[in-house]
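For the sequence shown, the working numbering assigns the number 279 to the initial residue and increments by one for each residue that follows. Cβ coordinates follow ideal geometry from the N, Cα and C atoms, glycine included.
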Amino acid sequence: EQFAHRVVTNSEIEYDFHFTEKFNRAIRIINALGAYTISYIEDPASPITKILGNSEAVDTVRFARKTLFIRSGDCDDTTALLSSLLESAGIDTAIMTSPGHVFMAFNSEEPVANRWMYESDNVTVIDYKGTLWVPIETTILKDGFFKAWEVASKEVKTFDSQNKIIEAP
C-alpha cells in the first residue's frame with residue numbers, strides 16, 4: 279500500500295496522456311513497479327511447466343508484500359501484487375486467466391462509447407459493466423506500461439475469440 283501511495287503522490291512523475299485520472303494513476307504505478315524490477319521466476323513449488331493440464335495440482339500465490347520484498351514471482355504472484363497496489367490506490371481490478379496463464383485488467387472508468395480511442399492493431403480493452411478495462415501482462419512490467427498492455431491485449435485477442443478468457447473481478 280505504501281508503495282502505491284508514494285508513487286501516486288510523487289509530483290515528479292508527470293504524464294501528458296489524456297486519460298482519466300485513475301488511468302493515469304495506473305500508468306504511474308505500473309511504470310514504478312516496472313522500474314523496481316520484479317523478475318519473472320517460475321514457482322518452484324508448482325511450476326506451470328510441470329502442472330499444466332493436471333486438475334489435481336495446486337499453485338501457490340504469494341502475498342503481495344512478499345513478492346515486492348523478494349522482487350520476483352510467477353504470473354499469479356505478480357498479478358496479485360499489481361492488483362493489490364492498484365486496488366489500494368482506488369482502482370478496480372480483475373484477475374484474468376487464459377490457458378496456463380494469469381494476468382489482470384483494471385477499470386479505466388472510460389465509458390464503452392469511447393472504445394475507439396483505446397484500441398488499435400496492438401492494444402485492446404475489455405467492455406465490462408459499461409466501462410473499459412485495460413488488460414495488463416504483469417510478468418513484463420520492466421518493459422513499461424504500454425508493452426504490458428500490448429502483450430496482454432494479444433492474449434485477450436487470441437483467447438477471447440475461443441471463449442478461453444475468464445474474468446474474475
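| For N400, which three-state DSSP category applies? | coil
**OP:** Give the range of the alpha helix (DSSP H) segment to which F423 is assigned.
**Re:** 423–438
Review point. Quick one: what does DSSP say T371 is sitting in, helix, strand or coil?
Key: strand
task = Please report the residue range of the beta strand (DSSP E) in which N385 lies.
result = 379–389
Subject >> Proximity of V434 and I404 at Cβ, strictly below 8 Å >> reply: yes
Buried versus exposed, by CB contacts within 10 Å (16 or more), W427:
buried
Please tell me whether L359 and A372 are closer than 8 Å, where the distance is taken between their beta carbons. Going by C-beta atoms, L359 is not nearer than 8 Å to A372.
Three-state secondary structure (DSSP) of T409
Residue state, collapsed to three classes: strand.
For this session: Classify D355 as buried or exposed, calling it buried when 16 or more other Cβ atoms lie within 10 Å of its own Cβ.
Result: buried
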